[in-house]
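Here's the structure we're looking at; comments come further down.
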């Protein structure tokens with residue numbers, strides 16, 4: 001039997017409080033399916049969903065989901081089903097789940113699926129237990145089927161960062177560069193402060209000495225004789241009689 005979600009106390013984050021900010025360039029644009037009137041509008045909505053779920057700077061052609069896109073264009077599925085499908089793809093598992101601990105996965109999924117940060121460590125622990133018991137698919141279903149998701153986005157709105165007024169957008173945070181992934185990668189090959197790291201690097205350098213045959217290079221060089229005995233007599237006479245004729 002699955003363990004029920006543990007209780008935690010929601011904190012008063014900005015998305016839970018009525019805002020009075022003046023809309024500006026940081027105010028997220030809301031994409032709704034009912035606002036789409038042609039193919040271009042639907043394509044922009046699909047692109048917005050990819051940016052929100054996969055992160056804009058990590059979208060590759062091989063991550064596209066043509067089947068889900070086709071169903072959404074034909075209105076066979078809702079935007080919520082489309083988001084659910086993207087969060088359950090192998091691409092999302094590779095980018096987010098595989099490279100992080102359960103706590104980090106909870107943090108990223110709350111930001112991208114519910115549009116907010118985790119309230120506290122208690123919430124991260126509660127949802128991480130859901131991942132451990134139901135898997136990542138069950139965790140995604142629990143978030144998307146939650147009352148919070150339905151109230152905030154419904155069936156036809158792409159999730160967005162609610163009440164963003166500072167810091168970077170959530171969907172631009174790369175999950176694999178967290179401390180967990182860095183430490184996991186470095187643990188097997190690097191230990192901070194260990195002198196063996198430098199010694200191993202020094203031994204790995206292949207140094208080829210350069211030799212030169214000096215006998216061949218200097219064989220035909222003739223050194224001139226610069227001794228004093230071999231120099232011509234360059235002394236100047238100071239006898240005026242020998243230099244100029246006498247006056248008559």
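Numbering (full-length UniProt numbering), first residue to last: 1 to 248.
Note that beta-carbon positions come from the ideal geometry of N, C-alpha and C, so glycine has one too.
Residue i in three-state terms, based on DSSP
| i | result |
| --- | --- |
| residue 32 | strand |
| residue 157 | strand |
| residue 43 | helix |
| residue 206 | coil |
| residue 103 | helix |
| residue 66 | helix |
| residue 211 | coil |
| residue 80 | helix |
| residue 55 | coil |
C-alpha gap between residue i and residue j, whole angstroms
| i | j | result |
| --- | --- | --- |
| residue 100 | residue 211 | 52 angstroms |
| residue 156 | residue 198 | 56 angstroms |
| residue 13 | residue 62 | 36 angstroms |
| residue 5 | residue 29 | 32 angstroms |
| residue 40 | residue 207 | 60 angstroms |
| residue 90 | residue 9 | 33 angstroms |
| residue 66 | residue 73 | 10 angstroms |
| residue 53 | residue 161 | 11 angstroms |
| residue 46 | residue 75 | 12 angstroms |
| residue 50 | residue 124 | 24 angstroms |
Residue from the options with nearest C-alpha to residue i
| i | options | result |
| --- | --- | --- |
| residue 127 | 45, 116, 107, 113 | 107 |
| residue 92 | 118, 77, 64 | 64 |
| residue 141 | 78, 73, 84 | 84 |
| residue 35 | 203, 53, 135, 79 | 79 |
| residue 152 | 116, 131, 203 | 116 |
| residue 31 | 24, 43, 25 | 43 |
| residue 139 | 209, 51, 88, 25 | 88 |
To test your reading of the DSSP string, which unbroken alpha helix (DSSP H) runs of 4 or more residues are found completely within the region 91-143?
Secondary structure remark: continuous alpha helix (DSSP H) runs of at least 4 residues inside the region 91-143, in chain order: 102-113.
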